[in-house]
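S.K.:
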Amino acid sequence: MEEKSQYLVGSDGTIYDSQTSLTWQAKDSRQDREKDITWQEAGEYAKELNEKQFGGHSDWRIPSLQEALTLFKEEKLNKDFKGGEIHIDSAFPPGPGNCTWTSSTRGEREAQIVFYLNGFAYWYEKIDKTISHSVRLVRR
Numbered sequence: 105m106e107e108k109s110q111y112l113v114g115s116d117g118t119i120y121d122s123q124t125s126l127t128w129q130a131k132d133s134r135q136d137r138e139k140d141i142t143w144q145e146a147g148e149y150a151k152e153l154n155e156k157q158f159g160g161h162s163d164w165r166i167p168s169l170q171e172a173l174t175l176f177k178e179e180k181l182n183k184d185f186k187g188g189e190i191h192i193d194s195a196f197p198p199g200p201g202n203c204t205w206t207s208s209t210r211g212e213r214e215a216q217i218v219f220y221l222n223g224f225a226y227w228y229e230k231i232d233k234t235i236s237h238s239v240r241l242v243r244r
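Read left to right, the sequence shown gives residues 105 to 244 (this note's numbering).
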């Protein structure tokens with residue numbers, strides 16, 4: 105018997121998580137834009153999607169550290185845009201960045217990123233674009 109997915113894939117480019125009641129962007133900014141973005145650009149990206157009423161809503165935002173960590177599932181396998189393994193459910197289309205910016209900041213210069221390769225969070229300069237930085241927006 106197939107286990108029922110906790111993720112409900114919408115026809116509007118969103119994915120609802122029935123365990124956390126969060127709605128995620130199905131494709132992240134890397135898939136949408138085909139480029140890396142800084143933390144600042146992640147905020148601008150959220151603003152843009154809100155103006156467009158993406159998925160019928162205007163309250164998209166950068167996920168908190170705790171929210172971003174809920175997507176990491178060690179037993180799940182997916183592929184990032186370079187074909188590398190990441191551990192997020194296959195309900196999400198393959199090809200995203202291997203991490204997401206979070207709303208967790210330290211001082212003026214740093215924000216945390218969650219890597220879906222290992223489920224760890226790291227501090228990066230908000231202006232960093234070196235390692236396929238992207239954002240997967242969320243709303244509740």
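From the three backbone atoms N, C-alpha and C, an ideal C-beta is built for every residue, glycine too. Because the structure is a prediction, the values reported are computed rather than measured.
1) For Asp-116 and Ser-162, what's the separation of their Cα atoms in angstroms?
2) Between Cys-203 and Leu-181, is the Cβ-Cβ spacing less than 9 Å?
3) Using alpha carbons as the reference points, say which of Pro-197, Gln-110, Ala-215, Ile-119 lies closest to Trp-164.
4) Could you tell me which of Glu-178, Arg-137, Ala-146, Val-113 sits nearest to Asp-232, measuring between CA atoms?
5) Would Val-218 pass as a contact of Leu-175 if the rule is Cβ separation under 9 Å?
6) Determine the DSSP secondary structure at Phe-196, reduced to helix, strand or coil.
7) Which residues in the same chain have their Cβ closer than 6 Å to the Cβ of Arg-137, if we skip the five residues on either side of it in sequence?
8) Determine the burial state of Phe-196: buried for a count of at least 16 other Cβ atoms within 10 Å of its Cβ, exposed for fewer.
9) Could you please give the first and the last residue of the uninterrupted alpha helix (DSSP H) stretch that includes Tyr-149?
M.R.: According to the data block:
1) 14 Å
2) no
3) Ile-119
4) Ala-146
5) yes
6) coil
7) none
8) buried
9) 143–155
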